[in-house]
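In the UniProt record's numbering, the protein residues as written are 1 to 494. Positions of the beta carbon are idealized from the N, C-alpha and C atoms, including for glycine. If you're wondering where the values come from, they're calculated on a predicted model, not measured in any experiment. Right, one structure below, let's go through it.
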Amino acid sequence: MSIKKEKRKILENYIKERLSRYNPLFASDSDAIYIMDLDGYFIPLNPACSLLFGYNEEQFSQMTYMKIVALDHLDRALSYFYKSLEGKLQNFDCQINHKSGEILDVNITIYPIVINDEIVGVYGVAKDITEIKRKRKVISDEIRQREEIYREIVEHSPDAVIISGKDNILFANDTAVKLFGVSTKADLIGKTVLDFIHPSYIEVVKNRIKEVENGKPVDFFEQILIRNDGSSFDAEVKAIPTIFQHEPARHIIVRDITERKKTQQLLLQSEKLSVAGQLAAGIAHEIRNPLTAIKGFLQLLEANSDSNLSYLEIIKSEMSRIELILSELLILARPQELKFKQTDFSKILEHVKALIDTQAIMTNIKINIYYLSDIPPVRCDENHLKQVFINLLKNSIEAMPDGGEININVETDGGKQLKVTFIDEGCGIPQEHLDRIGQPFFSTKDGGTGLGLMISKQIIENHNGSFQIHSNQKGTIIEVTLPIDENCGEGEQR
């Protein structure tokens, strides 16, 4: 008797004497449990073998790997079988041929049976994973399809799209190639995004990069970018965290807003022309009245050379009013060239207070500044802000002929906005007039033109801030809000 036959006999006795007690346990298992002898013939141990492979017990006992395993997987299956005969547990996926002809995916675990220190066969456990594989394939196909759709969308996006890792650009679409003036995507890939940032925006962009690396998306932000040939253009940039090639990355969207800015300038110019027409009507009305008075008194002077000198005083007063109106109109008409730079905001207020204190003290008014939180530097045009604050304080002083206090509260709002509140104890502004405050030639003061507040509101709006007025009989509150992180580089003009 050959060694293999002897070991087959030992194996059969082992199954009969030692494994028969486990038959109820094997029968309840949904996985196919079997034994293979050294020649690879199957010995079924539970009914699941018939269900999985499609053969009855007698037919299955005449089968080997050669007939069960699909041809494309046979070499791998045999190599795992021989490794198990060397004493090593093996686990692998392969395909088998069901009796019906259907191809099934199975996961097989085989490990050696050792009797008297000799390997006489192997245990086998086969699990049907056809449905699992099918679902995996569906999911894999869906993921691949989504990736293809995403890539198509990105490639044909009208916006430039760049994906950047921690240091270098990893991907760029065709729009980005055109926008930055390079020949191919290879001219962008490998470079850092900072290579294309205008120097005045480097620090701001570095801070935005840190935010995205910490998992926070950053919204569109206007800045100046540099093309490959060194020319610059206006753009707005947004970045969101993403994963690229299994690593954290930044998905960056870049929009060229050069044409949009030109359109905005044209619209602004059109709006200025419209305002100029309204101002012209107002000017005609406001100047006509003093001119009529001047002409009338001049006629009286011509008729009576010994006329009362009071006529001359009236003429001088009306002429002074015309000069005041014209001087404020010149300020309004002059282009507002705002030069932004990082400035210590508290110094602006202290300087304004020093300028106004003399006038305030003469009218028994005390000006107090309260800093309710730490005040960071603000990017602004210092001179224009001083012009606003001086105008507001003068208005408050003029509204308090009996003296009192003017309180200025300064605080930050969540670290993104700076709020400056001017609170006076003046006579206040009637509610029916509040909506008209800031309109040209409307003023609650005798001899006022209304242009001062109009100019002040325009300056604050040019700083991307807001301007609000609240008033009653106890006084007036003016709230000026300014962004702390103003999107303007040093020396930028608007």
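Query	Result
Check for me: the alpha helix (DSSP H) holding N391 runs from which residue to which?	382 to 398
By how many angstroms is the C-alpha of I162 removed from the C-alpha of T192?	11 Å
Can you look up Y55 in the DSSP assignment and give me helix, strand or coil?	coil
In this structure, does DSSP put G447 in helix, strand or coil?	Because G447 carries a pLDDT of 49, less than 50, the predicted location of this residue cannot be relied on, and the following value inherits that uncertainty. Coil at G447, not helix or strand.
Can you tell me the Cα-Cα spacing of R144 and Q458, whole angstroms?	53 Å
What span of residues does the beta strand (DSSP E) with L71 cover, start to end?	Note, L71: premise wrong, no beta strand (DSSP E); alpha helix (DSSP H) at 71 to 85.
Kindly provide the ranges of any beta strand (DSSP E) runs that are 3 or more residues long and lie completely inside the UniProt domain "PAS" (146 to 216), ordered along the chain.	160 to 164, 169 to 172
Comparing C-alpha positions only, which one of L170, E203, D256 sits nearest to E247?	L170
Could you tell me which of F180, H463, I408, N107 sits nearest to T476, measuring between CA atoms?	I408
Which one of R260, I15, Q62, T263 has the shortest CA to CA distance from I115?	I15
Relative to the C-alpha of D93, which residue among S79, L355, L85, K419 is closest?	S79
CA-CA distance, F42 and N173?	58 Å
Using alpha carbons as the reference points, say which of K99, D413, G403, E86 lies closest to N56.	K99
Pull up the CB-CB distance for V106 and D128, whole angstroms please, since I reckon it's below 8 Å.	6 Å
For L121, count the other beta carbons within 10 Å of its own beta carbon; 16 or more makes it buried, fewer makes it exposed. Which is it?	Before going further, note that residue 121 is Gly rather than Leu in the sequence given. Under this definition G121 is a buried residue.
Between the Cα of L38 and those of A70, K210, S200, Y111, spot the shortest distance and give me the residue it belongs to.	Y111
Once the 5 residues before and after E425 are set aside, which same chain residues still bring their CB inside 8 Å of it?	M400, G404, E405, I406, K474, G475
List the endpoints of the continuous beta strand (DSSP E) containing H251.	247 to 256
Within the continuous beta strand (DSSP E) that includes N107, where are the two ends?	103 to 115
Can you give me the Cβ contacts of F180 inside the same chain, cut-off strictly under 7 Å, excluding the 5 residues immediately before and after it?	L188, F196, R227, N228
Quick one: give me the first and last residue of the beta strand (DSSP E) that D413 is part of.	404 to 413
Helix, strand or coil: which one does DSSP assign to Q264?	helix
By Cβ distance, which residues of its chain are closer than 7 Å to P47, with the 5 residues on each side in sequence left out?	A27
According to DSSP, Q359 sits in a beta bridge with which residue or residues?	Paired residues: none, contrary to the question.
Candidates I423, G465, D234, V218: which alpha carbon is nearest P241's?	V218
I think G87 touches I108, with their Cβ atoms under 8 Å apart; what is that distance to the nearest whole Å?	With 8 Å as the limit, G87 and I108 do not qualify as a contact, their Cβ atoms being about 17 Å apart.
Does N472 get closer than 8 Å to chain B when you measure Cβ to Cβ?	Absent here is chain B; the protein component of the structure consists of one chain.
Taking DSSP as the reference, what is the three-state secondary structure of G296?	helix
Considering only the alpha carbon of each residue, which of I253, I243, K4, F233 lies closest to E213?	I243
N391 to I348, Cα distance in whole Å?	14 Å
For S164, collect the residues of the same chain with a Cβ closer than 7 Å to its Cβ; drop the 5 residues on either side in sequence, then sort them by chain order.	L170, V193, A249, R250, I252
Do K353 and I367 count as a contact pair if the criterion is CB distance below 8 Å?	yes
State the start and end residues of the unbroken alpha helix (DSSP H) segment that holds N13.	3 to 14
Bridge partners of P376, per DSSP?	None, per the DSSP bridge assignment.
Quick one: what's A126 bridged to in DSSP?	A32, I108
Using the DSSP secondary-structure output, state which residues sit across from Y41 in a beta bridge.	T64
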